[in-house]
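Participant: Under this note's numbering, the first residue of the sequence shown is numbered -16, with each subsequent residue one higher.
The C-beta atom is built at its ideal place from N, Cα and C for all residues, glycine as well.
Quantities reported herein were computed from a predicted structural model and do not represent experimental measurements.
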Amino acid sequence: MIMKTGMTNFNVNMYNEKIELLNEIIDTLNNTIYSFYSWGHTITPAFVKKLIDNPAEIYHEYLSFEYIAQRKCAEHGIKDKEYLHPLHQDCFHDIVDEMESIFESLNKFCRLLPHIKKVYGSLCYLVEEEYLNEPHFAETKNARLRIMQQCAELEDNRFTFSESDFEV
């Protein structure tokens, strides 16, 4: 007895939606790690795992308001907390703009987190920092093939019998 299956249809809409979602996830991951990398933090697979496991804690630890305010005050040449003084509104606006960007990134990351957990490692991975290249996320080599396989509609298993199946 031989089991045969065959593809009866390919769901193009599903494929396009999954590819679009994968691209959105990769863009979001890249924007997210850029937030950390641009503030001097090293991006490693262990860091990414901690970020995926507990994003709020990692954001608070590495990109807190206090940390950003301290760094921005240093850039503007003012002492901590002086950004509240009316003469230093440009520093305060820089802090607020940076925090807005960080929280937008965190919000999008958290919204996509269930999907990120599903695809990280199987459909996308971290390309670690190399000479002249910042760390970034990319598709795995077989990501599109795996998505295609998910979108193939297979016919029910059919059984064919050969003469040897009936020999006594």
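At what residues does the beta strand (DSSP E) containing H24 begin and finish?
Facilitator: Per DSSP, H24 belongs to no beta strand (DSSP E) and is neither H nor E.
Participant: Roughly how many whole angstroms lie between the Cα atoms of M(-3) and C93?
Facilitator: Between M(-3) and C93, the C-alpha separation is close to 23 Å.
Participant: Alpha carbon to alpha carbon, how far is R54 from C134?
Facilitator: If I take the Cα positions, the gap works out to 48 Å.
Participant: Which runs of the beta strand (DSSP E) at least 3 residues long sit entirely within the segment 83 to 132? Give them in chain order.
Facilitator: You should have 107 to 110 and 119 to 122.
Participant: Exposed or buried, what is A29 when buried is set at 16 or more other beta-carbons lying within 10 Å of its beta-carbon?
Facilitator: A29 should be labelled exposed.
Participant: Alpha carbon to alpha carbon, how far is T11 from K91? Give it in angstroms, no decimals.
Facilitator: Their Cα atoms are separated by approximately 7 Å.
Participant: Could you give the distance in angstroms between the alpha-carbon of I51 and the alpha-carbon of H68?
Facilitator: The alpha-carbon atoms of I51 and H68 are separated by roughly 17 Å.
Participant: Please state if the CB of P38 and the CB of L70 are separated by a distance shorter than 8 Å.
Facilitator: Contact flag unset, no.
Participant: How many angstroms separate the CA atom of M(-16) from the CA atom of E111?
Facilitator: Only weak support is given to the placement of M(-16): the predicted model assigns it a pLDDT of 48, under 50, and the value that follows is read from those uncertain coordinates. Using only the alpha carbons, I get a separation of about 50 Å.
Participant: From T(-9) to K124, what does the alpha carbon distance come to, in whole angstroms?
Facilitator: The straight-line gap from Cα to Cα measures roughly 26 Å.
Participant: On the premise that I8 lies in contact with V102, defined as a C-beta separation below 8 Å, what is that separation, rounded to the nearest angstrom?
Facilitator: That belief holds up - the Cβ atoms of V102 and I8 are roughly 6 Å apart, short of 8 Å.
Participant: Quick check on DSSP: helix, strand or coil for E3?
Facilitator: In this structure, E3 counts as helix in the three-state DSSP scheme.
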